[in-house]
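Q:
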Amino acid sequence: MTTTKRTAKGTNPKRPTRFGNRQQLQQLLAFAGLVVIFGFFSLASPYFLDWANVKGILLATAVTGIMALGATFVIATGGIDLSVGTGMTLCSVMTGVFLANLGLPLVVGVLGGLAVGALIGLLNGLNVSYLRLPPFIATLAMMMVAQGLSLVISGTKPIYFSDVAGFDQLAAGELIPGLPNAVLIFFVAAAIAAVVLSKTLTGRYALSIGSNEEATAISGVDVRRWKVVIYVVAGLFTGLAGVVMASRLNSAQPGLGLGYELEAIAAVVIGGTSLRGGKATILGTVIGALIMATLTNGLRIMSIPQEWQKVAVGIVIVLAVYADILRRGKDA
Amino acid sequence: MTTTKRTAKGTNPKRPTRFGNRQQLQQLLAFAGLVVIFGFFSLASPYFLDWANVKGILLATAVTGIMALGATFVIATGGIDLSVGTGMTLCSVMTGVFLANLGLPLVVGVLGGLAVGALIGLLNGLNVSYLRLPPFIATLAMMMVAQGLSLVISGTKPIYFSDVAGFDQLAAGELIPGLPNAVLIFFVAAAIAAVVLSKTLTGRYALSIGSNEEATAISGVDVRRWKVVIYVVAGLFTGLAGVVMASRLNSAQPGLGLGYELEAIAAVVIGGTSLRGGKATILGTVIGALIMATLTNGLRIMSIPQEWQKVAVGIVIVLAVYADILRRGKDA
Amino acid sequence: GSGGSGGGETGAGDKPYVALVSKGFQHQFWQAVKQGADDAAAELDVEVTFEGPETETEVEKQLTMLQTALDKNPDAIGYAALDSEASIPMMTDAESRGIPVIAFDSGVDSEVPVTTVSTDNLAASAEAAKHMAELVGSGKIAIVGHDQTSQTGQQRVEGFTQYILENAPDIEIVDTQYAAGDQLKSADAAKAILQAHPDLKGIYGTNEGSAIGVVKAVQETGKSGKLTVIGFDSGKAQTDAIRDGLMAGAITQDPIKMGYETVKAAVAAINGEELEPVIDSGFYWYDKTNIDDEDIAAVLYE
Amino acid sequence: MSESPALLSATGVSKSFPGVLALDDVHLDLRHGEVLALVGENGAGKSTFMNLFSGVLQPDAGTMELEGVPMSPAGPRQANELGISVIHQEFHLMPDLTVAQNIFIGREPRRAALIRDDVLERRAAVLFDRLGIPLDPRQPVSHLSVAGQQMVEIAKALSFDARVLIMDEPTAALTETEVATLFRIVRDFVSPRTGVIYVSHRMDEVKEISDRITVLRDGRYVDTLPTAQTATREVIAAMVGRQLETDVRPEPVAPDAAERDVVLSVRGLSTRKLLKDVSFDLHRGEILGFAGLMGAGRTEVARAIIGADRSTGVVEVNGRPVSVRNPADAVRHGIGYLSEDRKRYGLLLDQDVVRNVMLSSLPGMTRAGFVRDTDGHRVATEMVDRLAIRTPSVTQTTKNLSGGNQQKVVLAKWLVRDCDVLIVDEPTRGIDVGAKDEIYGLLTSLAAQGKSIIVISSELPEVLRLADRIVVMCEGRVTGTLANADATQHDIMELATRFGADHLITTGDAE
Ligand SMILES: Nc1ncnc2c1ncn2[C@@H]1O[C@H](COP(=O)(O)OP(=O)(O)OP(=O)(O)O)[C@@H](O)[C@H]1O
Ligand SMILES: Nc1ncnc2c1ncn2[C@@H]1O[C@H](COP(=O)(O)OP(=O)(O)OP(=O)(O)O)[C@@H](O)[C@H]1O
Ligand SMILES: [Mg+2]
Ligand SMILES: [Mg+2]
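Chains as they are written, first to last, in the numbering used here: chain A, 206 to 537; chain B, 206 to 537; chain C, 20 to 321; chain D, 67 to 577.
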């Protein structure tokens with residue numbers, strides 16, 4: 206009895222609540238970087254806070270943001286996904302094949318695009334799990350294969366959706382007046398991703414594997430199988446990004462995609478997710494993606510010469526992430 | 206006394222040598238993937254095994270290879286260096302400023318280029334060590350800043366070395382007849398890197414930090430300071446790559462560089478160095494870089510259509526790395 | 020430096036503001052376009068900003084730039100579309116807001132642009148092919164392209180190939196490789212081609228980076244003089260190569276004029292003047308013989 | 067033996083690793099309702115054996131039976147399903163997940179595919195209540211001390227409806243009070259349908275909890291002895307193959323310790339989290355013990371001194387105040403720290419013995435800037451001999467060593483570094499009886515050579531055996547400093563549980 210009481214002191218019964226509150230506070234504060242950036246640009250340019258411009262920022266965030274959602278899952282396991290960029294391209298090309306070339310119904314084409322994404326994820330997952338390839342290699346290879354296949358399948362020419370009625374409305378339409386569907390899709394996808402990450406086995410095991418893969422396996426979790434599942438989930442987001450991209454451009458651009466993977470990963474990491482795995486938040490990823498898009502947009506709105514924009518973005522990223530580290534203090 | 210004897214039982218005196226031999230065998234076998242690729246292309250194309258072509262492959266390896274050497278050190282610590290590509294560009298631009306614009310002596314200009322590389326590494330290292338930024342973020346920011354600065358400093362125009370006597374000979378000359386200096390520099394740099402990695406405090410601490418940073422710190426190693434040193438070493442290789450690049454093009458091209466970082470990191474990882482840190486070999490990196498260059502060259506020689514080349518490279522990388530994993534078996 | 024360093028006030032100020040969204044930024048060609056635009060801006064007293072994505076595949080990035088440009092509420096927009104189809108909604112948006120659009124470099128497949136300032140890439144590359152055919156006579160040649168998917172990249176290969184097929188039956192194009200306009204990678208690609216086809220008679224590089232890469236490859240393989248190299252665009256390395264005889268000649272557009280005419284047309288549109296539907300910024304063949312001619316020297320950039 | 071089949075048995079089992087024959091034709095049977103202790107020196111093969119039952123490893127030869135039915139679990143999950151639950155020697159925890167999430171990993175309660183974390187936490191809370199473990203289910207495991215992590219492992223193993231509970235050195239990180247809790251748990255667990263295999267190096271515990279003792283030596287079966295009828299001495303003799311003096315009386319306290327120079331003086335050391343005004347002196351040639359309950363703050367004192375955690379207060383070395391911002395500074399001032407958490411703070415697990423042993427002393431092993439690996443090799447070989455580290459070669463990856471041998475490698479690293487002040491935190495964690503004795507001898511002789519040593523230990527006999535004086539802590543405060551001569555286990559416990567008290571007890575003449 207006495208034992209229990211005494212030792213309980215060491216654990217400090219107040220901790221749990223304090224911890225809970227602190228986490229909530231953190232999530233609120235995570236906006237801070239974004240808010241500061243927003244505030245700065247609002248003062249610097251009269252055009253910045255225009256709804257049209259904010260909409261532009263959100264639109265620019267949408268595709269990279271959706272890719273980043275998927276990448277968050279892979280990064281949560283301690284892996285990395287370099288194939289999100291060109292994989293997204295392959296998905297838009299295949300959507301083009303389904304809809305524009307084969308003339309399949311809209312829903313089928315869209316689901317087909319998602320399926321191609323899942324397939325890309327499946328191959329990544331199998332290569333990582335069963336061939337034991339480092340995720341960097343597996344997804345680098347997939348990045349190249351997807352790029353090549355996009356060109357092969359499209360005949361190196363864009364596929365246009367001009368004849369596919371309503372396809373462009375997928376991204377450009379406004380179910381909620383004033384808010385383009387692409388943005389709506391991004392937010393809905395983020396909400397789903399947040400639930401999957403924190404409330405389903407897929408998410409839980411992704412974090413667990415990232416935290417300690419061996420221990421997770423010893424605990425009886427079929428790590429290999431779950432890794433495949435996690436990569437497939439990531440692939441689905443890649444597929445969604447591909448469909449949204451195709452709709453936004455009303456065409457599938459086979460040459461696009463390279464470089465998007467770095468942006469997506471950067472959004473994830475700026476959002477506070479650790480590349481070592483085990484720690485990940487979807488909200489962070491969304492904020493990370495918004496920070497990137499806002500920075501680019503704001504500097505452009507201010508008509509900063511393009512060569513200086515890069516320098517500024519680099520410096521602001523350092524400051525934003527450092528502020529975040531300071532804020533999180535020792536917990537990080 | 207008895208204790209010692211008892212332990213000796215478990216020791217099995219034959220083991221150490223066998224183990225030693227196996228390691229040597231491994232290093233020999235590490236060539237296997239490369240050899241197979243070489244063999245294949247030799248059979249596939251009569252032009253492949255020409256010395257001129259092999260020289261071409263070596264030349265194509267040199268710049269990326271030198272960058273990969275530096276990246277190996279950072280990756281050994283469990284970090285990543287995204288700034289090698291555009292950092293290299295900034296170094297060539299600065300070399301151009303020193304030699305072509307300011308007209309400094311050749312040696313000074315070259316050393317200046319290296320110094321700029323070291324400076325880039327220093328900033329990366331300080332950001333990682335003292336601001337505690339994740340290496341991905343710190344070097345991503347540096348990648349952008351270096352890209353921007355290259356354009357700013359050069360006025361977005363190439364800087365030509367036509368008037369700098371002898372500068373192009375740095376890469377194109379042949380101290381050893383038949384072997385371009387660029388290749389010689391790469392090999393010498395690799396030899397130095399190998400010694401630094403395995404025989405100096407810098408290399409040993411890099412591997413220790415990558416293996417277990419906390420344990421290394423508690424063991425009395427000033428981890429922060431050494432990390433800075435390691436990034437500076439990596440930066441020196443970036444600087445060297447910049448100088449060689451400038452010499453090879455006889456000009457500093459400010460727009461170049463993006464994407465080279467992925468190639469360099471890929472070479473390192475294909476060479477068997479783990480992105481988790483703690484394990485790294487320079488020989489592996491050299492072989493990884495050679496595999497990449499050989500693949501590209503061979504497929505071109507075979508006149509495989511461009512779009513299929515990507516697909517083929519992706520697949521071959523998976524096969525090569527998987528073969529390597531199989532070979533290393535349980536040791537990996 | 021940049022012409023539009025006036026910051027956020029530009030559009031609100033009294034000077035008219037013209038936003039140019041181009042296909043590229045860091046390449047010398049686009050820098051020359053920018054220079055022409057800046058010249059015109061100084062001359063006509065307008066504010067000009069100039070932006071473009073890093074590579075000519077980045078359709079989405081360019082659209083975002085165009086979007087931002089529109090959000091700045093300019094008086095006119097100059098736009099070099101990477102994919103005209105994809106930009107239709109924004110063209111419509113510009114029209115509805117009464118912002119005149121000037122297309123440059125390549126056409127925008129839309130009614131919106133009031134005029135198009137461009138070079139006919141198909142014709143220009145056919146011109147390159149014509150000279151190649153004259154110089155080589157017969158045998159094998161190859162192409163090092165800079166971009167497989169962009170319109171410009173494709174047209175510069177297409178126009179060339181088309182001409183050879185139709186007019187030079189004795190010449191065979193044995194290989195076409197792409198190397199992203201990166202000089203080093205273009206050199207490596209050209210070397211591989213030379214290795215695979217030792218009897219190659221000529222190589223055509225479709226932009227500055229590709230062409231210099233080809234020259235580099237020829238130098239490094241010691242084949243200078245044995246091979247006809249034809250390039251595209253200018254830049255010091257290329258003009259040097261032509262002077263030194265490493266390159267037979269090249270096609271140049273007139274990027275400075277392109278930039279200049281675009282801004283000039285924009286100002287005219289702002290003032291409500293009528294414009295020709297097409298303003299040809301032209302292209303020229305230049306080689307050792309005419310490189311120092313005044314009219315050629317004027318369109319070449321360093 | 068009885069006719070009815072044993073609860074769990076193994077016959078003719080062998081297992082080898084590259085270069086090591088870890089188990090050679092061993093057998094074992096666990097009867098219903100008993101606690102079977104499994105003992106043996108470091109590297110004898112105990113953990114390997116248990117890993118066969120738990121499905122982590124598969125035997126090269128031999129058979130295993132559960133209730134007379136042959137079994138060969140292909141993985142941990144299968145073993146769990148068979149009713150075998152294991153507390154591993156090395157923790158298998160996910161630091162980023164919470165305590166509750168760790169315990170129920172792989173068994174998450176769900177509704178409509180969504181995990182019910184509230185249910186998860188409630189279940190964990192109920193489990194902790196039942197077991198009397200004071201942990202917060204919602205705390206991330208990374209925030210726990212080693213002892214806390216051990217408790218999570220215990221709770222996790224008991225959360226299964228197991229018939230066989232295997233415990234591989236569950237008390238290595240625990241203080242006596244938690245050990246008492248654990249034993250109560252074990253006694254509650256044992257019933258006519260269950261049984262426990264208990265692996266430990268602590269003979270008194272084995273004596274207290276077990277019914278029979280199976281002894282392994284060098285991967286071979288030696289004997290199974292009934293606990294009640296066997297003297298500890300005999301067990302140890304069976305383990306090490308010779309007689310060993312165990313109940314060594316504490317070394318006579320160095321009489322002049324107090325008069326010697328103060329090497330390390332700590333004044334008013336405080337941290338934000340726990341420590342309050344900790345002060346003490348360490349004399350040349352002295353061994354100073356630190357005792358206290360789990361979470362008393364002993365480890366935190368050590369970490370504060372070496373600059374691993376931020377703290378306020380004054381640290382003087384040889385009478386001069388020093389600023390120690392990080393462990394590197396500490397080592398520069400001659401202070402070394404061996405952590406209680408060897409996996410996290412001790413070892414480069416994926417590197418070999420040589421590199422681990424060299425790590426702290428690398429700058430001293432260079433010539434002209436180049437590391438002399440031959441030196442490292444020589445030193446490592448010496449250490450392997452001196453500490454009887456059981457390894458096929460000095461180039462073996464430390465991950466592949468047994469737990470006790472890993473601990474010896476960490477110790478070797480600090481012996482090579484040769485610091486003037488050595489702080490050892492649970493230095494004999496997981497080390498066998500014989501080797502323990504040798505390490506005691508080693509520490510004592512280091513002190514005799516003029517080195518000063520702080521021993522933090524949760525085993526009171528260890529502290530009493532080694533220390534000249536004993537600092538007792540409770541809730542981050544020093545509650546007393548005792549001279550060994552006056553100290554009894556009872557005195558120490560009294561001080562260690564002096565909650566809320568603010569006066570110091572000091573005996574002896576050292577302060
Ligand atoms: N994965 C492995 N690879 C190689 N050797 C191993 C491996 N695991 C264990 N060993 C070796 O097998 C032998 C038995 O190890 P084991 O861990 O079973 O010992 P133990 O009796 O549990 O010792 P301790 O009391 O120190 O925990 C040791 O010599 C050890 O080095
Ligand atoms: N890394 C950590 N993060 C957060 N809290 C910690 C950490 N390590 C220890 N603690 C907590 O700090 C308190 C002090 O623990 P400390 O390790 O100093 O005590 P100790 O006397 O060494 O006891 P023991 O090691 O037996 O737990 C404990 O409540 C412990 O749970
Ligand atoms: Mg063990
Ligand atoms: Mg402790």
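By construction, the Cβ of each residue, glycine as well, lies at the ideal position given by its N, Cα and C atoms.
Between C/GLY268 and the rest of its own chain, which residues show a CB-CB distance below 7 Å, the 5 nearest in sequence each way excluded?
A: Against the third sequence, residue 268 of chain C aligns to sequence position 249. Result list for C/GLY268: HIS150, ILE249, ILE261, TRP304, TYR305, ASP306, in chain order.
Q: Measure the C-alpha to C-alpha separation of A/VAL268 and C/GLN174 and round it to an integer number of angstroms.
A: Counted from its first residue, the first sequence places residue 268 of chain A at position 63. Counted from its first residue, the third sequence places residue 174 of chain C at position 155. If I take the Cα positions, the gap works out to 29 Å.
Q: Measuring straight from C-alpha to C-alpha, what distance separates B/ALA377 and B/ASP255?
A: As a working note, residue 377 of chain B is residue 172 in the second sequence. As a working note, residue 255 of chain B is residue 50 in the second sequence. Their backbone Cα atoms lie some 19 Å apart in a straight line.
Q: Indicate, with yes or no, if ligand 3 has a heavy atom lying under 7 Å from the CB of D/ASP234.
A: As a position in the fourth sequence, residue 234 of chain D is number 168, starting the count at 1. Checking the Cβ of D/ASP234 against ligand 3 gives yes.
Q: Near A/ALA537, which residues of its chain fall below 7 Å by C-beta distance, leaving aside the five closest residues on each side in sequence?
A: Translated into positions along the first sequence, residue 537 of chain A becomes position 332. Low confidence applies to A/ALA537: its pLDDT is 37, below 50, so where it sits in the model is not reliable, and the reading given next is rough at best. Closer than 7 Å at the Cβ level, and outside the excluded window around A/ALA537, lie ILE530.
Q: B/ARG430 CB to nearest chain C CB: under 8 Å?
A: As a first step, residue 430 of chain B is located in the second sequence; it is residue number 225 there, counting from the start. When Cβ-Cβ separations below 8 Å define contact, B/ARG430 makes no contact with chain C.
Q: Could you compute how far the alpha carbon of B/ASN226 sits from the alpha carbon of B/LYS404?
A: Your numbering for residue 226 of chain B matches position 21 in the second sequence. Your numbering for residue 404 of chain B matches position 199 in the second sequence. Since pLDDT at B/ASN226 reaches only 45, below the 50 mark, its modelled position is unreliable, and no value is offered.
Q: Compare the C-alpha of B/VAL393 against each of B/LEU295, B/PHE442, B/SER413 and name the closest.
A: In the second sequence, residue 393 of chain B corresponds to position 188, counting from 1. With distances taken between Cα atoms, B/VAL393 lies closest to B/PHE442.
Q: At 7 Å on the CB atoms, spell out the chain B contacts of C/TYR197, in chain order.
A: Within the third sequence, numbered from 1, the residue matching residue 197 of chain C stands at position 178. Contact note: C/TYR197 reaches chain B through GLN511, using a C-beta cutoff of 7 Å and chain order.
Q: Identify the contact partners of D/GLY172 in chain A, using a Cβ-Cβ distance below 7 Å as the criterion.
A: Position 106 of the fourth sequence holds residue 172 of chain D. Listed along the chain, the chain A residues whose CB falls inside 7 Å of the CB of D/GLY172 are SER424, GLY425, VAL426.
Q: Against chain C, does A/SER508 count as a neighbour if the rule is that its beta carbon must be under 8 Å from one of theirs?
A: Here residue 508 of chain A refers to the residue found at position 303 when the first sequence is read from its first residue. Taking a beta-carbon distance threshold of 8 Å, A/SER508 counts as an interface residue toward chain C.
Q: Does ligand 3 have even one heavy atom less than 7 Å from the beta-carbon of D/GLN155?
A: For the purposes of this step, residue 155 of chain D is taken as residue 89 along the fourth sequence, with counting starting at 1. Indeed, a heavy atom of ligand 3 lies less than 7 Å from the Cβ.
Q: Using C-beta distances below 7 Å, list every residue in its chain close to B/PHE243, excluding the 5 sequence neighbours before and after it, in chain order.
A: Translated into positions along the second sequence, residue 243 of chain B becomes position 38. Correct list, in chain order: THR499.
Q: At 9 Å on the CB atoms, spell out the chain C contacts of A/VAL521, in chain order.
A: As a first step, residue 521 of chain A is located in the first sequence; it is residue number 316 there, counting from the start. Going along chain C, no residue has its Cβ under 9 Å from A/VAL521, so there is no contact; the nearest lies around 17 Å.
Q: Rounded to a whole number of angstroms, what is the C-alpha to C-alpha distance between B/ILE271 and C/SER169?
A: The residue labelled residue 271 of chain B in the question sits at position 66 within the second sequence. The residue labelled residue 169 of chain C in the question sits at position 150 within the third sequence. Distance between the alpha carbons of B/ILE271 and C/SER169: 32 Å.
Q: How do the segment 150-163 of chain D and the segment 402-417 of chain A stand: do at least 3 beta-carbon pairs fall below 8 Å, yes or no?
A: yes
Q: Please state the DSSP three-state secondary structure of D/ARG369.
A: Here residue 369 of chain D is taken as the residue at index 303 of the fourth sequence, counted from 1. Three-state DSSP puts D/ARG369 in a helix.
Q: Does any CB atom of chain B fall closer than 8 Å to the CB of A/LYS515?
A: Position 310 of the first sequence holds residue 515 of chain A. Yes, A/LYS515 counts as interfacial toward chain B.
Q: Given a limit of 8 Å on CB to CB distance, which residues of the segment 134-162 of chain D reach chain A?
A: GLY141, PRO142, ARG143, ASN146, HIS154, PHE157, HIS158, LEU159, MET160, PRO161, ASP162
Q: For chain A, is any of its Cβ atoms less than 8 Å away from the one on C/PRO108?
A: Mapped onto the third sequence, residue 108 of chain C falls at position 89. Yes, because at least one Cβ of chain A sits closer than 8 Å to the Cβ of C/PRO108.
Q: I'd like to confirm something about D/ALA46: is its beta-carbon nearer than 7 Å to some heavy atom of ligand 1, or not?
A: Since the first residue shown for chain D is 67 and the last is 577, residue 46 of chain D is missing from the structure and cannot be characterised.
Q: Looking only at its own chain, which residues have a Cβ that is under 7 Å from the Cβ of B/VAL433, when we skip the five neighbours before and after it?
A: Position 228 of the second sequence holds residue 433 of chain B. LEU327, GLY330, LEU331, SER334, listed in sequence order.
Q: Could you have a look at D/MET137 and say whether DSSP puts it in helix, strand or coil?
A: Translated into positions along the fourth sequence, residue 137 of chain D becomes position 71. Strand at D/MET137.
Q: Restricting to runs no shorter than 3 residues, where is the beta strand (DSSP E) found entirely within the segment 329-356 of chain D?
A: 344-349
Q: Quick check: is any heavy atom of ligand 4 less than 7 Å from the C-beta of D/THR365?
A: The count along the fourth sequence starts at 1 and reaches residue 365 of chain D at position 299. Indeed, a heavy atom of ligand 4 lies less than 7 Å from the Cβ.
Q: Is there a Cβ from chain B that is less than 8 Å from the Cβ of D/HIS267?
A: To locate residue 267 of chain D, count along the fourth sequence from 1; it is residue 201. Proximity of D/HIS267 to chain B, defined by a Cβ-Cβ separation below 8 Å, is not satisfied.
Q: If you measure between the beta carbons of B/THR294 and B/GLY314, is that distance less than 8 Å?
A: Here the question's residue 294 of chain B lines up with position 89 in the second sequence. Here the question's residue 314 of chain B lines up with position 109 in the second sequence. For B/THR294 and B/GLY314, no; Cβs fall outside 8 Å.
Q: If you reduce the DSSP assignment to three classes, tell me which class B/GLN229 lands in.
A: As a position in the second sequence, residue 229 of chain B is number 24, starting the count at 1. With a pLDDT of 49 at B/GLN229, under the threshold of 50, the modelled position of this residue cannot be trusted, and the question is left open.
Q: D/VAL207 and D/ASN146: beta carbons closer than 8 Å?
A: Translated into positions along the fourth sequence, residue 207 of chain D becomes position 141. Translated into positions along the fourth sequence, residue 146 of chain D becomes position 80. Taking 8 Å as the Cβ cut-off, D/VAL207 and D/ASN146 do not qualify as a contacting pair.
Q: Got a sec: is the Cβ-Cβ distance from B/ARG505 to anything in chain A below 8 Å?
A: By one-based count along the second sequence, residue 505 of chain B stands at place 300. B/ARG505 does not count as touching chain A.
Q: Closest by CA to B/SER355, which one among B/ARG337, B/SER297, B/GLY322, B/GLY476?
A: Counting from 1 along the second sequence, the entry for residue 355 of chain B is found at position 150. Checked all of B/ARG337, B/SER297, B/GLY322, B/GLY476; the closest Cα to B/SER355 is B/SER297.
Q: Against chain D, does B/GLN229 count as a neighbour if the rule is that its beta carbon must be under 8 Å from one of theirs?
A: Along the second sequence, read from residue 1 onward, the residue named residue 229 of chain B stands at position 24. Low per-residue confidence applies at B/GLN229: pLDDT is 49, beneath 50, and the placement is therefore not dependable, though the value from the model is reported in the following sentence. No, B/GLN229 lies away from the interface with chain D (no Cβ there is under 8 Å from its Cβ).
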